[in-house]
Amino acid sequence: MGRFLTSRIWPVKFDEVVRPFWSAACVNDIATERDRAAPDRLYQDLARKLIAELASGRYAVGDRLPAERELSVQYNVSRPTVREAVIALEVQGLVEVRVGSGAYVRRLPGTNDIPGFNISAIELTEARLLFEAEAAALAATQITPEGLAELEALVEEIERENRNPHGTEKADRAFHLAIARASRNAAVAEAIERLWDLRALSPESALLHEKARTANIKPVVDEHTAILDALRAHDPVTARSAMRAHLAAVLDSLLFATEEKAIEEARRAARAKRERFARVTG
(Lines of atoms letter the chains of each structure in order from A and count residues from 1; the text may use other names and numbers.)
(Lines give C-alpha, C1' and ligand atoms only; values in the text may rest on other atoms or scores of the structure.)
Protein backbone atom coordinates (compact mmCIF):
# COMPACT_ATOMS: atom_id res chain seq x y z
CA MET A 1 0.00 0.00 0.00
CA GLY A 2 1.14 3.54 -0.67
CA ARG A 3 2.04 6.00 2.06
CA PHE A 4 -0.64 8.50 3.07
CA LEU A 5 -0.49 12.26 3.51
CA THR A 6 -2.73 14.20 5.86
CA SER A 7 -5.62 15.75 3.93
CA ARG A 8 -8.16 18.36 4.92
CA ILE A 9 -10.91 16.05 3.69
CA TRP A 10 -9.56 12.49 3.61
CA PRO A 11 -6.18 10.71 3.38
CA VAL A 12 -4.23 11.14 0.16
CA LYS A 13 -2.05 8.30 -1.14
CA PHE A 14 1.49 9.51 -1.66
CA ASP A 15 2.06 7.00 -4.47
CA GLU A 16 -1.07 8.13 -6.32
CA VAL A 17 -0.68 11.89 -6.06
CA VAL A 18 2.86 13.00 -5.24
CA ARG A 19 5.30 10.41 -6.57
CA PRO A 20 4.18 10.59 -10.25
CA PHE A 21 4.86 14.33 -10.32
CA TRP A 22 8.56 13.69 -9.78
CA SER A 23 8.71 10.63 -12.01
CA ALA A 24 11.28 10.80 -14.80
CA ALA A 25 8.83 8.94 -17.01
CA CYS A 26 6.28 11.71 -16.53
CA VAL A 27 8.77 14.26 -17.80
CA ASN A 28 10.02 12.06 -20.62
CA ASP A 29 6.50 11.56 -21.92
CA ILE A 30 6.35 15.19 -23.00
CA ALA A 31 10.02 15.71 -23.85
CA THR A 32 10.55 17.36 -27.21
CA GLU A 33 13.53 17.63 -29.48
CA ARG A 34 14.15 21.10 -28.05
CA ASP A 35 14.43 19.71 -24.53
CA ARG A 36 16.69 16.84 -25.53
CA ALA A 37 18.99 18.70 -27.90
CA ALA A 38 20.01 21.78 -25.95
CA PRO A 39 18.84 24.24 -23.28
CA ASP A 40 18.22 26.81 -26.02
CA ARG A 41 15.11 25.95 -28.00
CA LEU A 42 15.87 24.82 -31.52
CA TYR A 43 13.27 27.02 -33.16
CA GLN A 44 14.75 30.10 -31.47
CA ASP A 45 18.20 29.12 -32.68
CA LEU A 46 16.88 28.67 -36.21
CA ALA A 47 14.99 31.97 -36.07
CA ARG A 48 18.19 33.77 -35.03
CA LYS A 49 20.01 32.23 -37.98
CA LEU A 50 17.27 33.32 -40.36
CA ILE A 51 17.36 36.85 -38.94
CA ALA A 52 21.12 36.88 -39.50
CA GLU A 53 20.53 35.78 -43.10
CA LEU A 54 18.07 38.65 -43.59
CA ALA A 55 20.46 41.15 -42.02
CA SER A 56 23.33 39.95 -44.23
CA GLY A 57 21.43 40.93 -47.35
CA ARG A 58 20.99 37.40 -48.63
CA TYR A 59 17.28 38.09 -49.04
CA ALA A 60 15.60 41.30 -50.17
CA VAL A 61 12.16 42.58 -49.23
CA GLY A 62 9.63 40.59 -51.23
CA ASP A 63 11.87 37.54 -51.62
CA ARG A 64 10.42 34.14 -50.81
CA LEU A 65 12.25 32.12 -48.17
CA PRO A 66 13.24 28.56 -49.08
CA ALA A 67 10.51 25.97 -48.72
CA GLU A 68 9.98 24.28 -45.37
CA ARG A 69 11.57 21.05 -46.55
CA GLU A 70 14.66 22.89 -47.83
CA LEU A 71 15.15 24.76 -44.56
CA SER A 72 14.69 21.52 -42.64
CA VAL A 73 17.50 19.86 -44.60
CA GLN A 74 19.72 22.94 -44.69
CA TYR A 75 19.68 23.47 -40.92
CA ASN A 76 19.24 19.82 -39.90
CA VAL A 77 16.06 20.40 -37.89
CA SER A 78 12.56 18.97 -38.06
CA ARG A 79 9.82 20.57 -40.14
CA PRO A 80 7.78 21.50 -37.01
CA THR A 81 10.87 23.40 -35.78
CA VAL A 82 10.99 25.28 -39.11
CA ARG A 83 7.29 26.16 -38.75
CA GLU A 84 7.79 27.54 -35.24
CA ALA A 85 10.80 29.60 -36.38
CA VAL A 86 8.81 31.09 -39.27
CA ILE A 87 5.94 31.89 -36.89
CA ALA A 88 8.46 33.68 -34.63
CA LEU A 89 9.61 35.81 -37.57
CA GLU A 90 6.00 36.43 -38.58
CA VAL A 91 5.21 37.71 -35.08
CA GLN A 92 8.10 40.17 -35.35
CA GLY A 93 6.79 41.39 -38.70
CA LEU A 94 9.87 40.22 -40.59
CA VAL A 95 8.05 37.82 -42.89
CA GLU A 96 4.55 37.41 -44.27
CA VAL A 97 3.16 33.90 -44.62
CA ARG A 98 0.88 33.48 -47.64
CA VAL A 99 -1.31 30.41 -47.68
CA GLY A 100 -0.34 28.09 -50.49
CA SER A 101 2.67 30.17 -51.45
CA GLY A 102 5.19 30.38 -48.60
CA ALA A 103 6.96 32.92 -46.38
CA TYR A 104 8.01 36.24 -47.95
CA VAL A 105 10.35 38.86 -46.52
CA ARG A 106 8.25 41.76 -45.31
CA ARG A 107 11.05 43.92 -43.93
CA LEU A 108 14.72 43.58 -43.07
CA PRO A 109 15.81 43.48 -39.41
CA GLY A 110 17.07 46.72 -37.90
CA THR A 111 19.33 47.55 -34.98
CA ASN A 112 16.37 47.42 -32.60
CA ASP A 113 15.41 43.89 -33.57
CA ILE A 114 16.47 41.59 -30.76
CA PRO A 115 16.37 37.90 -31.64
CA GLY A 116 14.53 36.92 -28.48
CA PHE A 117 11.05 35.47 -28.54
CA ASN A 118 7.96 34.93 -26.48
CA ILE A 119 6.99 31.51 -25.19
CA SER A 120 5.43 29.30 -27.85
CA ALA A 121 2.01 27.67 -27.59
CA ILE A 122 3.63 24.24 -27.77
CA GLU A 123 5.87 24.88 -24.76
CA LEU A 124 3.07 26.48 -22.77
CA THR A 125 0.88 23.45 -23.37
CA GLU A 126 3.71 21.12 -22.35
CA ALA A 127 4.02 23.07 -19.09
CA ARG A 128 0.26 22.94 -18.61
CA LEU A 129 0.38 19.17 -19.04
CA LEU A 130 2.90 18.89 -16.20
CA PHE A 131 1.06 21.19 -13.79
CA GLU A 132 -2.57 20.55 -14.64
CA ALA A 133 -2.36 16.76 -14.62
CA GLU A 134 -1.06 16.84 -11.04
CA ALA A 135 -3.55 19.55 -10.09
CA ALA A 136 -6.36 17.30 -11.31
CA ALA A 137 -5.02 14.42 -9.19
CA LEU A 138 -4.92 16.67 -6.12
CA ALA A 139 -8.35 18.11 -6.90
CA ALA A 140 -9.84 14.61 -7.05
CA THR A 141 -9.02 14.20 -3.35
CA GLN A 142 -10.16 17.67 -2.32
CA ILE A 143 -13.04 18.79 -4.51
CA THR A 144 -16.36 19.66 -2.87
CA PRO A 145 -19.91 19.15 -4.16
CA GLU A 146 -20.01 22.88 -4.90
CA GLY A 147 -16.82 22.59 -6.92
CA LEU A 148 -18.26 19.70 -8.92
CA ALA A 149 -21.43 21.69 -9.60
CA GLU A 150 -19.33 24.59 -10.91
CA LEU A 151 -17.45 22.27 -13.28
CA GLU A 152 -20.68 20.67 -14.52
CA ALA A 153 -22.03 24.12 -15.40
CA LEU A 154 -18.78 25.02 -17.16
CA VAL A 155 -18.85 21.86 -19.30
CA GLU A 156 -22.31 22.90 -20.47
CA GLU A 157 -20.99 26.39 -21.18
CA ILE A 158 -18.08 24.95 -23.21
CA GLU A 159 -20.63 23.11 -25.34
CA ARG A 160 -22.59 26.33 -25.90
CA GLU A 161 -19.42 28.26 -26.79
CA ASN A 162 -18.47 25.59 -29.33
CA ARG A 163 -21.73 26.24 -31.19
CA ASN A 164 -20.83 29.92 -31.47
CA PRO A 165 -18.52 30.54 -34.47
CA HIS A 166 -17.08 33.52 -32.57
CA GLY A 167 -16.65 31.71 -29.24
CA THR A 168 -13.91 32.99 -26.93
CA GLU A 169 -13.14 29.78 -24.98
CA LYS A 170 -13.72 31.63 -21.70
CA ALA A 171 -15.49 28.61 -20.26
CA ASP A 172 -12.54 26.39 -21.14
CA ARG A 173 -10.19 28.65 -19.17
CA ALA A 174 -12.64 28.84 -16.27
CA PHE A 175 -12.95 25.03 -16.19
CA HIS A 176 -9.20 24.49 -15.92
CA LEU A 177 -8.70 27.25 -13.36
CA ALA A 178 -11.55 25.88 -11.24
CA ILE A 179 -9.76 22.52 -11.10
CA ALA A 180 -6.53 24.30 -10.15
CA ARG A 181 -8.30 26.03 -7.26
CA ALA A 182 -9.90 22.74 -6.22
CA SER A 183 -6.40 21.34 -5.65
CA ARG A 184 -6.31 23.51 -2.51
CA ASN A 185 -2.72 24.46 -3.33
CA ALA A 186 -2.36 28.19 -3.87
CA ALA A 187 1.07 27.90 -5.50
CA VAL A 188 -0.16 25.34 -8.05
CA ALA A 189 -3.29 27.39 -8.78
CA GLU A 190 -1.23 30.56 -9.25
CA ALA A 191 1.22 28.81 -11.59
CA ILE A 192 -1.58 27.41 -13.74
CA GLU A 193 -3.34 30.77 -13.96
CA ARG A 194 -0.05 32.35 -15.03
CA LEU A 195 0.32 29.78 -17.81
CA TRP A 196 -3.17 30.62 -19.05
CA ASP A 197 -2.33 34.34 -18.95
CA LEU A 198 0.80 33.69 -21.02
CA ARG A 199 -1.29 31.79 -23.55
CA ALA A 200 -3.07 35.06 -24.37
CA LEU A 201 -0.23 37.52 -23.76
CA SER A 202 2.59 35.79 -25.64
CA PRO A 203 2.30 36.89 -29.30
CA GLU A 204 3.63 33.56 -30.59
CA SER A 205 1.19 31.57 -28.48
CA ALA A 206 -1.75 33.81 -29.33
CA LEU A 207 -0.97 33.54 -33.05
CA LEU A 208 -0.87 29.74 -33.04
CA HIS A 209 -4.08 29.45 -31.01
CA GLU A 210 -5.72 31.81 -33.50
CA LYS A 211 -4.56 29.55 -36.34
CA ALA A 212 -6.13 26.62 -34.47
CA ARG A 213 -9.45 28.46 -34.10
CA THR A 214 -9.35 29.37 -37.80
CA ALA A 215 -8.97 25.64 -38.50
CA ASN A 216 -12.16 25.12 -36.43
CA ILE A 217 -10.29 23.35 -33.61
CA LYS A 218 -12.32 23.79 -30.42
CA PRO A 219 -12.31 22.36 -26.86
CA VAL A 220 -13.56 18.76 -26.94
CA VAL A 221 -16.51 18.35 -24.57
CA ASP A 222 -16.00 14.60 -24.14
CA GLU A 223 -12.45 15.14 -22.90
CA HIS A 224 -13.64 17.64 -20.29
CA THR A 225 -16.46 15.31 -19.29
CA ALA A 226 -13.95 12.49 -18.71
CA ILE A 227 -11.97 14.75 -16.38
CA LEU A 228 -15.15 15.73 -14.54
CA ASP A 229 -16.21 12.09 -14.16
CA ALA A 230 -12.87 11.21 -12.57
CA LEU A 231 -13.14 14.15 -10.18
CA ARG A 232 -16.69 13.15 -9.30
CA ALA A 233 -15.42 9.64 -8.49
CA HIS A 234 -12.60 11.17 -6.38
CA ASP A 235 -10.14 9.06 -8.38
CA PRO A 236 -6.75 10.85 -8.58
CA VAL A 237 -5.15 8.32 -10.93
CA THR A 238 -7.93 8.55 -13.50
CA ALA A 239 -8.17 12.33 -13.10
CA ARG A 240 -4.47 12.70 -13.86
CA SER A 241 -4.74 10.35 -16.83
CA ALA A 242 -7.80 12.14 -18.23
CA MET A 243 -6.16 15.56 -17.95
CA ARG A 244 -2.96 14.32 -19.58
CA ALA A 245 -4.92 12.73 -22.42
CA HIS A 246 -6.83 15.98 -22.94
CA LEU A 247 -3.72 18.17 -23.05
CA ALA A 248 -1.88 15.68 -25.26
CA ALA A 249 -4.79 16.08 -27.69
CA VAL A 250 -4.42 19.86 -27.44
CA LEU A 251 -0.75 19.50 -28.39
CA ASP A 252 -1.76 17.42 -31.39
CA SER A 253 -4.27 20.07 -32.48
CA LEU A 254 -1.63 22.80 -32.25
CA LEU A 255 0.75 20.75 -34.37
CA PHE A 256 -2.09 20.25 -36.85
CA ALA A 257 -2.59 24.01 -37.00
CA THR A 258 1.08 24.52 -37.90
CA GLU A 259 0.80 21.87 -40.61
CA GLU A 260 -2.43 23.18 -42.12
CA LYS A 261 -0.72 25.68 -44.39
CA ALA A 262 1.74 23.08 -45.63
CA ILE A 263 -1.13 20.70 -46.36
CA GLU A 264 -3.10 23.39 -48.18
CA GLU A 265 -0.04 24.24 -50.27
CA ALA A 266 0.32 20.60 -51.28
CA ARG A 267 -3.37 20.43 -52.20
CA ARG A 268 -3.12 23.58 -54.30
CA ALA A 269 -0.08 22.21 -56.12
CA ALA A 270 -1.91 18.94 -56.81
CA ARG A 271 -4.97 20.79 -58.13
CA ALA A 272 -2.75 22.92 -60.37
CA LYS A 273 -1.10 19.80 -61.80
CA ARG A 274 -4.49 18.20 -62.50
CA GLU A 275 -5.70 21.35 -64.22
CA ARG A 276 -2.57 21.55 -66.38
CA PHE A 277 -2.94 17.88 -67.28
CA ALA A 278 -6.60 18.42 -68.19
CA ARG A 279 -5.69 21.34 -70.46
CA VAL A 280 -2.96 19.36 -72.20
CA THR A 281 -5.05 16.23 -72.72
CA GLY A 282 -8.08 18.23 -73.77
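Just remember that the numbering used here sits 485 ahead of the position in the sequence shown, which is counted from 1.
Glycine included, C-beta positions come from ideal geometry on N, C-alpha and C.
Roughly how many angstroms separate the alpha carbons of residue i and residue j, rounded to a whole number?
i	j	result
residue 725	residue 709	12 Å
residue 637	residue 681	21 Å
residue 562	residue 575	19 Å
residue 581	residue 590	6 Å
residue 568	residue 630	45 Å
residue 566	residue 696	17 Å
residue 643	residue 722	24 Å
residue 650	residue 683	24 Å
residue 743	residue 654	20 Å
residue 667	residue 628	5 Å
residue 740	residue 595	31 Å
residue 604	residue 551	25 Å
residue 533	residue 542	15 Å
residue 761	residue 694	36 Å
residue 639	residue 705	13 Å
residue 572	residue 675	29 Å
residue 691	residue 685	5 Å
residue 553	residue 671	43 Å
residue 661	residue 678	9 Å
residue 530	residue 688	18 Å
residue 734	residue 556	28 Å
residue 564	residue 635	41 Å
residue 729	residue 606	16 Å
residue 648	residue 608	28 Å
residue 538	residue 577	15 Å
residue 579	residue 540	11 Å
Where do the N-terminal and C-terminal ends of the alpha helix (DSSP H) with residue i fall, by residue?
i	result
residue 438	The structure shown does not extend to residue 438, since the chain spans only 486 to 767, so no value can be given for it.
residue 648	630 to 648
residue 654	Note, residue 654: premise wrong, no alpha helix (DSSP H); not H, not E.
residue 607	606 to 627
Specify the secondary structure class of residue i as computed by DSSP and reduced to three states.
i	result
residue 592	coil
residue 549	strand
residue 561	coil
residue 542	coil
Taking 8 Å as the limit between beta carbons, can you name the residues of its chain near residue i, skipping five residues before and five after?
i	result
residue 673	616, 619, 620, 623, 665
residue 727	621, 708, 711, 712, 714, 715
residue 546	590, 591, 592, 593
residue 732	610, 613, 614, 617, 618
residue 764	none
residue 663	632, 635, 636, 639
residue 583	589
Spatial neighbours of residue i within its chain, please: C-beta separation below 7 Å, excluding the five flanking residues on both sides.
i	result
residue 719	625, 626
residue 658	681
residue 717	633
residue 535	570, 574
residue 738	697, 702
Within the same chain, show all residues whose beta-carbon is closer than 6 Å to that of residue i, passing over the 5 residues directly before and after it, in chain order.
i	result
residue 757	none
residue 549	587, 589
residue 558	none
residue 669	627
residue 544	590
residue 560	531
residue 528	566, 569, 570
residue 521	Here residue 521 scores only 41 on pLDDT, less than 50, and its place in the model is too uncertain to base an answer on.
Does residue i have its Cβ less than 8 Å from a Cβ in chain D?
i	result
residue 638	Absence of chain D from the displayed structure is noted, only one protein chain being present.
**OP:** With a floor of 4 residues, list each alpha helix (DSSP H) that falls wholly inside the segment 691 to 753, ordered by position along the chain.
**Re:** 706 to 717
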